[in-house]
Amino acid sequence: MKAGGRYVVGSVDELPPGTMKLVPVGKFGVGVYNVGGELVALTNYCPHRGGPLCQGQVIGWAEQGERPWEIRWSRPGEILRCPWHQWEFEIKSGSAIIYQESKRPYSIRMYPVKVEGGEVVLEGV
Amino acid sequence: MAAVIDTVVHPLMRRNDVLQQYMREPLKRLFVAGSYRSMYPAPTGDPPHGEFLASANPKDAGPLDLPGSDPTMTLAFLDENGLDFAVLVPLTRGLNASSNHNTAICAATNDWLTDVWLGERAGRRRFYGSICVNPRDPEAAVAEIRRWAKNPAMVQVVVPMLVHTPYGQRVYHPIWAEAASHGLPVAVRNDGGSGLEYPPTPVGYPRFFIEYHTLASGNFGTHLASLITEGVFEKFPNLKFVFPDGGHDVLSHLGWRLDTTFPACRGETPWVKKMPTEYLAGHFRFASARHERPSFDAQGMADWARISDAETLVMFGSHYPHWTVMRPDELFPELPEPARDRMLAGNALDFYRDRIGAEAAAASR
Amino acid sequence: MAVKTAGAERASQREVAVRVVDADVHPTLSVDMFSEYIPEPWRSRYYRQSLPMVGGLYGSVMSFHREDTAPPGGGGPGSDPEFAAKQLFVDEKDDYAILIPMSASANQLTNPEAETAFLSGVNAFQAETWLGKHNWHGRFKGSIVVSPADPEGAAREIERWAGHPHFVQVGMPLGSRTPFGNPRHDPIWAAAARAGLPVGFHFTTTASMNWLTPAGFPSSYLEAHALASYQAMTHVASFVLEGVFEKFPALKLAWIETGFTWLLPLMSRLDNNWRDLGHEVPLVKRAPSEYIKDHMRFSTQALDDVAPFTDLVRVMELVEGERILIFSTDYPHHDTDDPDWLEARLPKAWRHRVMADNAIELYGLPRMRPWDTFDDQRASP
Chain A
101 MKAGGRYVVG SVDELPPGTM KLVPVGKFGV GVYNVGGELV ALTNYCPHRG GPLCQGQVIG
161 WAEQGERPWE IRWSRPGEIL RCPWHQWEFE IKSGSAIIYQ ESKRPYSIRM YPVKVEGGEV
221 VLEGV
Chain B
12 MAAVIDTVVH PLMRRNDVLQ QYMREPLKRL FVAGSYRSMY PAPTGDPPHG EFLASANPKD
72 AGPLDLPGSD PTMTLAFLDE NGLDFAVLVP LTRGLNASSN HNTAICAATN DWLTDVWLGE
132 RAGRRRFYGS ICVNPRDPEA AVAEIRRWAK NPAMVQVVVP MLVHTPYGQR VYHPIWAEAA
192 SHGLPVAVRN DGGSGLEYPP TPVGYPRFFI EYHTLASGNF GTHLASLITE GVFEKFPNLK
252 FVFPDGGHDV LSHLGWRLDT TFPACRGETP WVKKMPTEYL AGHFRFASAR HERPSFDAQG
312 MADWARISDA ETLVMFGSHY PHWTVMRPDE LFPELPEPAR DRMLAGNALD FYRDRIGAEA
372 AAASR
Chain C
1183 MAVKTAGAER ASQREVAVRV VDADVHPTLS VDMFSEYIPE PWRSRYYRQS LPMVGGLYGS
1243 VMSFHREDTA PPGGGGPGSD PEFAAKQLFV DEKDDYAILI PMSASANQLT NPEAETAFLS
1303 GVNAFQAETW LGKHNWHGRF KGSIVVSPAD PEGAAREIER WAGHPHFVQV GMPLGSRTPF
1363 GNPRHDPIWA AAARAGLPVG FHFTTTASMN WLTPAGFPSS YLEAHALASY QAMTHVASFV
1423 LEGVFEKFPA LKLAWIETGF TWLLPLMSRL DNNWRDLGHE VPLVKRAPSE YIKDHMRFST
1483 QALDDVAPFT DLVRVMELVE GERILIFSTD YPHHDTDDPD WLEARLPKAW RHRVMADNAI
1543 ELYGLPRMRP WDTFDDQRAS P
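Now the structure itself:
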């Protein structure tokens, strides 16, 4: 259902929060994620070594807790873990979190996505 | 010529039983292993002290007198080789079966070092020292560091390489806290002989000294991986470690391996806030070692030095009077002068800057 | 050597030039699959029901397997030879896959005789299934798994399978109580050399003592995994300095998933130490680095994350990677490398050697293989 630089992913109802739909756009496909109501479109290609990113699990973020050696689990549903080398990406920004402040930031190629008339639409395809 | 700092010189006692002179009753009556590594007899030099240069034997040495035990001879070595200052790293025989005995041995060694090598009798201060502590007893180690922390001649804490638990683990954190509070780096060096070590490789005992010697300095890896993974440098941001036996050449591989595996395991150790290799330059240094340098052509050496960050991580160490002694002109002669200057003096001045005297700083560019 | 173009391949439809040999593929076996092949009395005594081995001691929050490798029919990644063949030979471009069974390698905690019996069951199972009825395409090649704790038993097992068309190497773990150059292991190398089979060593996660470093046990997977390459380093030094290649000039070794960037410091250390201390080991007649390059090969995987990647290529050049590297995917494990991704980043002149030729020579594989239905499926997906 292509129309110039647009791709209709499906109806909004098909993509409730916490779900993902993989569509055959571009060379690798694009995964459209609904993270707590916000729609995000990520290319299905890991910037690390080319793994099929959108086959990865959506998880939370492990961080240091208050007591020493305690691990706190936060941000459930916001993190995508590449199925190959397990790199963790923040879905909403497409960036590899641990590298955000390092000298070599890694980012997933993203597409603009919006809702028009009850449909989820990719742009810039 | 700019001042050169020799970060690894081994002072030995005139005789093994000198140690007991600095110990108290009743522990001074206990037997102590000899002050040379005996896990593998070394096929070098003349027995029984084949590991050390024969030229380092004291004048009129008897059979019990040990090489490298005369400060004036060590000073002569420094003079002959254009070395202005030296950091002394004594041996204590590693871990001894009795932890309390080991604590007493460390304290006695520190007393001896100060008395014979660091006092006024040694003349203009050219020597700096290391505080030996027993890692099996963190409380005692903290007390010993405190005892010496104000002595301006002591520039670091020293602990043995082969212990039973990697140094990043929590049981040691009080020791690192104390060292860090005084701005003292920690040296981790091969120091065995009492026999309380695990096998020196992860797959058991090699049969020959050459096998042992080829690999031994690489064992820093366990501690480096542990210190990073346990978040020690997030907890103690000014803590630094040096490996006097060397090992810089193996570091690149280990660092890459840690970086590659880390993203997959990050959730298990979320207190590690950066990529493992991002902790290296700020917290680790390695002494040079003659047997670790590759023999590539000029371009290969330049590339290798850049890739391995040799210029930042390596500090010159002669290892006098060990048979592996190296002299300043043997330190990567292919590399450009500015890089060599950093390795010969700049890195050590920076690394020990909280401790090394104004004298040393003034003598250098 | 000339590489056949697609046009030439179509023209000679019956044969294909071998371009990618995958030196590390893991059938994931469980004891219930192969227990009937374990000889008595050990089968009834120890192996009838439960697996007595200590499993991977350091777990991690990650998944060991790539999440896209679970067979649709169930059974876990690496358990289904037909599905594995599709993923390796159609979805990826492997021509041959060298199998190294996991979950079924030596651990040396048990009685060595019982361990040899256990592993002989694994070998018989391999011969029957992955190398037998599921190898109609002939593209799976296997490893005769043996225990370093039982050199005589290992030699017997090697002799039993020598000459089999699909076993191309002897498979051993890295963990050991003694470095492998120690003469107690000589019967294994003698048998392998006689049979013309290389010995492949693979990193394993089984058994507690294997994780003991000279400075104690690490406390995380990250440490344990990063330090595992020290096991390989020690063995490589041991093979060279014990003169094993003088004793067995035909012996070849493969180091799989051990990394290879540590070869740079190890080769220089060995050569430097040999120059000064070689008199201690008179069996060693040549520079150690020469023995390494002549007798050993190293899989590309695990590929270090080096930034920039060109630095890793430079390290490969400095260790003569063109001669000694063999490509592998480590299927179905998570830390894999895609053949296209890697090949594109190798120096162009090297590609054929690293992706195929070095392994062809090591494992005695043909340079041309028959065209089969996997090629049909790749040609028209």
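Residue numbers (my numbering), protein chains in the order written: chain A, 101 to 225; chain B, 12 to 376; chain C, 1183 to 1563.
For each residue, glycine too, the CB sits at the ideal point set by N, CA and C.
When the options are compared against residue i, the one with the closest alpha-carbon
i                  : options                                        : result
Arg-1201 (chain C) : C:Asp-1539, C:Asp-1558, C:Tyr-1545             : C:Asp-1539
Trp-161 (chain A)  : B:Pro-37, B:Ser-110, B:Ala-275                 : B:Ala-275
Tyr-206 (chain A)  : A:Pro-147, A:Gly-118, A:Met-120, A:Pro-124     : A:Pro-147
Glu-1334 (chain C) : C:Gly-1258, C:His-1515, C:Gln-1351, C:Ile-1370 : C:Ile-1370
Phe-1307 (chain C) : C:Arg-1321, C:Glu-1274, C:Ser-1261             : C:Ser-1261
Phe-1385 (chain C) : C:Gly-1353, C:Gly-1398, C:Arg-1359             : C:Gly-1353
Ser-80 (chain B)   : B:Met-24, B:Asn-107, B:Pro-54                  : B:Met-24
Trp-1456 (chain C) : B:Met-84, B:Ile-142, B:Ile-221                 : B:Ile-221
Ile-1506 (chain C) : C:Asp-1519, C:Ile-1282, C:Phe-1480             : C:Phe-1480
Asp-308 (chain B)  : B:Asp-340, B:Ala-316, B:Arg-301                : B:Ala-316
Asp-1214 (chain C) : C:Val-1207, C:Arg-1225, C:Ala-1205             : C:Arg-1225
Tyr-1142 (chain C) : B:Pro-213, B:Ala-154, B:Phe-297                : Because chain C spans 1183 through 1563 in this model, residue 1142 (chain C) falls outside it and cannot be assessed.
Glu-279 (chain B)  : C:Ser-1402, C:Glu-1274, C:Glu-1472             : C:Ser-1402
Cys-143 (chain B)  : B:Arg-158, B:Leu-195, B:Asn-121, B:His-259     : B:Asn-121
Cβ neighbours of residue i in the same chain (closer than 7 Å, five flanking residues each side left out)
i                  : result
Gln-1553 (chain C) : The amino acid occupying residue 1553 (chain C) in the given sequence is Trp; Gln does not appear at that position. Within the same chain, Trp-1553 (chain C) has close Cβ partners Gln-1195, Arg-1196, Glu-1197, Val-1198.
Thr-114 (chain B)  : Asn-145, Asp-148, Ala-151
Val-1488 (chain C) : Leu-1494
Thr-119 (chain A)  : Asn-134
Ser-237 (chain B)  : Pro-177, Tyr-178, Gly-179, Gln-180
Contacts around residue i, its chain only, beta-carbon distance under 8 Å, and the 5 residues preceding and following it disregarded
i                  : result
Gly-134 (chain B)  : Confidence at Gly-134 (chain B) is low in this model, with a pLDDT of 46, below 50, so its placement is unreliable and the value that follows should be read with caution. Cβ neighbours of Gly-134 (chain B) beyond the five flanking positions: Leu-86.
Glu-219 (chain A)  : Val-108, Val-109, Gly-110, Ser-111, Val-112
Val-1185 (chain C) : Low confidence applies to Val-1185 (chain C): its pLDDT is 48, below 50, so where it sits in the model is not reliable, and the reading given next is rough at best. Correct list, in chain order: Ala-1199, Arg-1201, His-1534.
Pro-1400 (chain C) : Tyr-1240, Trp-1393, Ala-1406, Leu-1409
Residue i: contacting residues in chain A (beta-carbon distance under 7 Å)
i                 : result
Ala-152 (chain B) : What Ala-152 (chain B) touches in chain A: nothing, since even the nearest Cβ is about 20 Å away.
Residues that residue i contacts on chain C, provided the C-beta gap is smaller than 8 Å
i                 : result
Arg-304 (chain B) : Ser-1450, Asn-1454
Contacts that residue i makes with chain A (C-beta to C-beta distance below 9 Å)
i                  : result
Thr-1311 (chain C) : Near Thr-1311 (chain C) there are no residues of chain A at all, since even the closest Cβ is about 27 Å away, more than 9 Å.
Neighbour list for residue i in chain B, Cβ cutoff strictly below 7 Å
i                  : result
Gln-1413 (chain C) : Pro-213, Val-214
Gln-164 (chain A)  : Pro-281, Trp-282
Leu-1394 (chain C) : Tyr-209, Pro-213
Same chain only: Cβ atoms within 6 Å of residue i, ignoring 5 sequence neighbours per side
i                  : result
Tyr-290 (chain B)  : Ile-239, Phe-244
Ile-197 (chain A)  : Glu-188, Glu-190
Asn-68 (chain B)   : Pro-78
Phe-1556 (chain C) : Phe-1271, Val-1272
Pro-1209 (chain C) : Gly-1260, Leu-1281, Pro-1283, Trp-1312
Arg-1338 (chain C) : none
Asp-256 (chain B)  : Arg-200, Asn-201, Ser-228
Val-19 (chain B)   : Val-100, Pro-255, Ala-298, Gly-328, His-330
Ile-159 (chain A)  : Ile-179, Arg-181
Contacts that residue i makes with chain B (C-beta to C-beta distance below 9 Å)
i                  : result
Thr-1443 (chain C) : Ser-263, His-264, Trp-267, Arg-268
Interface flag, residue i vs chain E, CB-CB below 8 Å
i                  : result
Leu-1446 (chain C) : In the structure shown, chain E does not exist; the protein chains are A, B and C.
8 Å Cβ cut-off: residues of chain A touching residue i
i                 : result
Arg-277 (chain B) : Ala-162, Glu-188, Ile-198
Neighbouring residues, chain C, relative to residue i (Cβ below 7 Å)
i                 : result
Gly-232 (chain B) : Leu-1409, Tyr-1412
> Whole alpha helix (DSSP H) runs in the region 15-81 of chain B with 4 or more residues, listed along the chain?
Replying inline: 29-32
> Counting pairs of beta carbons, one from the region 1357-1377 of chain C and one from the region 1464-1482 of chain C, are three or more of them closer than 8 Å?
Replying inline: no
>> Tell me whether the region 26-46 of chain B and the region 133-149 of chain A touch, counting them as touching only if at least three CB pairs, one residue from each stretch, are closer than 8 Å.
In response: Here the region 26-46 of chain B makes no contact with the region 133-149 of chain A; the two share fewer than three CB pairs at distances below 8 Å.
> Going along the chain, which unbroken runs of the beta strand (DSSP E) with 3 or more residues stay wholly within the region 1452-1528 of chain C?
Replying inline: 1478-1481
> Which whole runs of the alpha helix (DSSP H) in the region 208-242 of chain B are 4 residues long or more, in chain order?
Replying inline: 220-226, 231-240
> On the three-pair Cβ rule with 8 Å, is the region 347-364 of chain B touching the region 13-27 of chain B?
Replying inline: yes
>> Quick test of the definition: if touching needs 3 or more C-beta pairs under 8 Å, does the region 186-206 of chain B touch the region 1417-1427 of chain C?
In response: no
>> Could you check whether the region 1519-1533 of chain C touches the region 1206-1221 of chain C, counting it as contact only if at least three pairs of C-beta atoms, one from each stretch, sit closer than 8 Å?
In response: no
> Are the region 1393-1402 of chain C and the region 182-195 of chain B touching by the rule of at least three beta carbon pairs closer than 8 Å?
Replying inline: no
>> Quick check on the DSSP output: what are the complete alpha helix (DSSP H) runs of length 4 or more inside the region 1362-1386 of chain C, in order along the chain?
In response: 1368-1377
>> Whether or not the region 1443-1462 of chain C and the region 1491-1508 of chain C are in contact is what I'm after, with contact meaning three or more pairs of Cβ atoms, one per stretch, closer than 8 Å; do they touch?
In response: The region 1491-1508 of chain C is in contact with the region 1443-1462 of chain C.
> Do the region 1428-1436 of chain C and the region 1461-1470 of chain C meet, that is, are 3 or more Cβ pairs less than 8 Å apart?
Replying inline: yes
> Which parts of the region 81-143 of chain B are runs of the alpha helix (DSSP H), unbroken and 4 residues or longer, counting only runs that do not cross its ends?
Replying inline: 82-91, 110-124
> Would you say the region 1355-1363 of chain C touches the region 177-189 of chain B, given that touching needs at least three Cβ pairs under 8 Å?
Replying inline: no
> Should the region 111-130 of chain B be called in touch with the region 31-44 of chain B, which here means at least 3 C-beta pairs below 8 Å?
Replying inline: yes
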